[in-house]
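>
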Amino acid sequence: MKLTAKILSLILAILIMAAAAIAVNKKILGHDIVTSVEQSLTVETDTLSLVPGGSAVIHTAPFAKKNIGYAGPVPLDIYIENGKISEIKPLTNSETPSFYKRAEVLFSRWEGLSPKDALKQKVDAVSGATYTSNAIINNVIDGLDFYLGTEAGASTSLPFKMWIALAVTLTACIVPLFVKNRIYNYAQLTANVVVLGFWCGQFLDYSLMLKYLSDGFSMPGAIVAIVMLIAAFIYPLFGRAQHYCNHICPLGAAQILVAGICGYKIRLSARVVKVLDWFRKILWAVLMLMLWTDCITGWMDLELFQAFQYESAGWGIIIAALTFVALSAIVSRPYCRFVCPTGSLFKRAENIG
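Residue 5 is where the sequence shown starts when you use the numbering used here, and the numbers rise one by one after that.
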């Protein structure tokens, strides 16, 4: 009976997020539920516009559906004049503005080159906006391949640092099931903060989950997130409650590590804990209502996980994250327990609040 209740809670959480994906992005698993079939076909086939005088505009929207950024597709228009790329223009997208602005510096790497020379360019992702910049790079490659009639296609290999992120995530998923060792635990938590947080920017938040529900999974780039999602939603069905929050989440790991620095802890009364927990629940309900009504959805860009990508995150997010991490020295994991919207979703899926 308990397993049945957990499964029903998981289904409810998925439906809650599916409703949010439809309300915010108007699509589910890559299927546009608003645009008519005829309109979709028009968009699919309109990849190249020829301009009198030999100029051309490459529309990468059809390719953007498989080259997903952090929050969704990042379509571009590539302008070709006199045999060279004169300009690359971003189209409407759902990316966090600060992350996209950081990734836009990539455009200058191709502008002024011929399509053939541009394809030969070795362009690396921008630190602090990895998802977005990889999507831009792959869109440009696919668009130029189409223009030249070549079939090389965008890279489908997993970058080296993502292999490291996958290794750290798998270790966090498997080893704690069998090993109860303090030294290992601190080493794992440190790896979560350094590798998953600061180096690779791999964590679960609302923007990422809505992206996958709206656009589907783009492999192999989504492999780390898929493993994390299994830990967050499937592990609890088998008795591993909050495994993602306790063993993988980089922000949770940072709070646990800082908690070990100070021996003194503020003992919150049961009444205060209950009030703060109700605050978290009400906050989560209000934020979900905003998503369902497609009103003030920008709060998803303000989750404190973004602070790990400090080169792109706003100062407000960084200061708030540092405040909660510092506070965790005297109050056990305050952000996780009393604020985190993503954690609230996981608790709802586990039927624990």
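For each residue, glycine too, the CB sits at the ideal point set by N, CA and C.
The structure presented is a predicted model; accordingly, all values stated were derived computationally and were not measured.
Let me know the secondary structure DSSP gives N235 once reduced to three states.
Here residue 235 turns out to be Ala, not Asn, going by the sequence shown. Of the three classes helix, strand and coil, the one that applies to A235 here is helix, per DSSP.
> Determine the DSSP secondary structure at I322, reduced to helix, strand or coil.
Three-state result, I322: helix.
> Less than 8 Å separating the Cβ of D209 from some heavy atom of the ligand SAH?
The model depicted lacks the ligand SAH and carries no ligand whatsoever.
> Name, in chain order, the residues that DSSP records as bridge partners for V290.
None, per the DSSP bridge assignment.
> According to the neighbour-count rule (16 or more other Cβ atoms, all chains shown, within 10 Å of its Cβ), is L12 buried or exposed?
L12 is exposed by the Cβ-count criterion.
> Give me the residue from K6, A274, T8, M21 with the minimum Cα distance to F350.
Closest option to F350, Cα to Cα, is M21.
> Can at least three beta-carbon pairs, one atom from the stretch 216-223 and one from the stretch 14-33, be found at a separation below 8 Å?
They touch, by the three-pair rule.
> Report the start-end ranges of each alpha helix (DSSP H) in the stretch 123-201 that is 4 residues or longer and not cut off at the edges.
Taking only runs of at least 4 residues, the alpha helix (DSSP H) segments lying wholly in the stretch 123-201 are 134-152, 164-178, 186-195.
> If you count every other CB in all the chains shown that lies within 10 Å of the CB of L200, and 16 or more means buried, which is it?
Buried: at least 16 other Cβ atoms inside 10 Å.
> Quick one: what's got a C-beta closer than 6 Å to G87's C-beta in the same chain, skipping five residues either side?
Cβ within range, chain order: S118.
> Report the option in V109, D146, A226, L208 whose CA atom is closest to the CA atom of W167.
Minimum Cα distance to W167 is reached at A226.
> Would you say the stretch 169-182 touches the stretch 246-262, given that touching needs at least three Cβ pairs under 8 Å?
In short, these stretches touch, since the Cβ pair count reaches three.
> Go ahead and label P338 buried or exposed: buried means 16 or more other beta carbons lie within 10 angstroms of its beta carbon, across all protein chains shown.
The residue in question, P338, is buried, as its Cβ has 16 or more Cβ neighbours within 10 Å.
> Can you name the start and end residues of the beta strand (DSSP E) that Y83 belongs to?
It spans 80-85 - the beta strand (DSSP E) in which Y83 sits, taken as one unbroken run.
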